[in-house]
Every structure is written in C-alpha cells, then in structure tokens.
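Below is one structure, written out as structure tokens; the observations come after it.
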Amino acid sequence: MFELHPQLEKDCLILGDFPLCRLLLSKDANYPWCILVPRVHNIREIYQLGEEDQIQFISESSYLSKKLNVIYKADKMNVAALGNMVPQLHIHHIVRYKTDPAWPGPVWGVKPAGTYSPEEMAQAVEKITSSLTEQFNAMPL
Numbered sequence: 631m632f633e634l635h636p637q638l639e640k641d642c643l644i645l646g647d648f649p650l651c652r653l654l655l656s657k658d659a660n661y662p663w664c665i666l667v668p669r670v671h672n673i674r675e676i677y678q679l680g681e682e683d684q685i686q687f688i689s690e691s692s693y694l695s696k697k698l699n700v701i702y703k704a705d706k707m708n709v710a711a712l713g714n715m716v717p718q719l720h721i722h723h724i725v726r727y728k729t730d731p732a733w734p735g736p737v738w739g740v741k742p743a744g745t746y747s748p749e750e751m752a753q754a755v756e757k758i759t760s761s762l763t764e765q766f767n768a769m770p771l
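Add 630 to the 1-based position in the sequence shown for the numbering used here, that's all there is to it.
Right, here's the structure in full:
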C-alpha cells in the first residue's frame with residue numbers, strides 16, 4: 631500500500647494525483663518547485679517500476695515540466711531524482727531562473743527554505759492545478 635514518506639509530507643503540500651503519481655508542491659517559496667511521487671509501494675528507483683509505469687511516469691513528468699515551464703516562464707527546468715535523504719522515489723521539478731539565488735548551481739543548501747504566505751500558497755496552488763487538465767485530479771484544500 632502506498633504511503634507518502636513523512637519528510638515529503640512535512641515539506642510539501644499535496645496537490646492531487648495523476649494516474650500514476652501524486653503531485654506535491656514544495657513549501658520552499660524560493661523556487662516554484664513540484665515533486666512527483668509514483669503511488670507504488672516500496673520503490674526507490676525508476677528502473678524498479680514496471681515497463682508501463684516507467685512510460686507513464688515519463689509522460690507525467692514531461693507533461694508537468696512543460697506546464698511549469700509555460701506558466702512560470704522558466705529559463706530552465708531542473709528535473710532530478712536524488713533520494714539521498716528521502717529513500718522513496720520522488721522526482722523534483724524545479725523552475726529555475728538565471729536570477730534565482732542558486733543559479734547556475736543546484737538549489738540544495740544555498741539558501742534556507744523560504745516561506746509562502748497563505749495568499750501566496752493559494753495563488754501557487756491555483757496557478758499550477760488550473761493548468762493541469764489532462765488526467766489530473768486535484769485534491770480539495
């Protein structure tokens with residue numbers, strides 16, 4: 631049975647589900663940052679997914695990257711599966727700008743996590759979820 635890792639639950643807001651993955655919004659307001667987590671029990675690596683799930687995952691990740699790129703007018707999309715701190719397979723989708731605090735390096739450890747105001751969080755949720763129309767089921771807030 632799928633359970634979201636406690637660290638992801640603490641650091642993120644659940645936005646909803648694609649057919650395979652749960653979509654999370656990182657609470658770090660320094661960067662527009664979403665995370666996809668396949669709803670598959672005990673998976674650490676993409677290659678551990680079945681072939682059909684691998685294809686579905688890439689489709690969902692590409693779709694999300696494209697939408698985030700468009701709505702946030704990204705200079706670059708960083709898409710990465712690290713899992714060094716949280717072993718559950720999760721893939722970061724981070725909107726990057728040449729003017730962001732970590733550019734051109736990785737975002738980790740550069741600046742403490744920023745905090746969204748309730749209004750900013752609501753705006754980010756609306757901006758993202760309203761753009762995801764294909765096979766996405768938003769969670770009620």
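Glycine included, every Cβ here is placed at the ideal spot set by N, Cα and C.
Assign residue i to one of three DSSP states: helix, strand, or coil.
| i | result |
| --- | --- |
| L643 | strand |
| V755 | helix |
| S656 | strand |
Hey, how far is the Cα of residue i from the Cα of residue j?
| i | j | result |
| --- | --- | --- |
| D683 | L762 | 20 Å |
| F687 | T729 | 30 Å |
| C651 | E690 | 8 Å |
| K696 | A704 | 10 Å |
| N767 | Y702 | 21 Å |
| M631 | N699 | 32 Å |
Short of 8 Å in beta carbon distance, which residues of its chain neighbour residue i, apart from the five on each side in sequence? Order them along the chain.
| i | result |
| --- | --- |
| Y755 | Inspection of the sequence shows that residue 755 is occupied by Val rather than by Tyr. Around V755: L643, L645, L655 and L771. |
| P649 | Q686, E690 and Q765 |
| R674 | G713, P717, Q718 and L719 |
| L638 | L654, I665, V667, V716, Q718 and H720 |
For residue i, which residues from the same chain have a beta carbon less than 7 Å from its beta carbon, with the 5 sequence-adjacent residues on both sides left out?
| i | result |
| --- | --- |
| V737 | Y661 and I724 |
Would you say residue i reaches chain D, if we count a Cβ-Cβ gap shorter than 7 Å as a contact?
| i | result |
| --- | --- |
| Q765 | The structure shown has no chain D; it contains just one protein chain. |
Complete runs of the beta strand (DSSP E) confined to the segment 664–723 [at least 3 residues]
706–710
I'd like to know if the segment 744–751 and the segment 651–659 are in contact, where contact means that at least 3 CB-CB pairs between them fall below 8 Å.
yes
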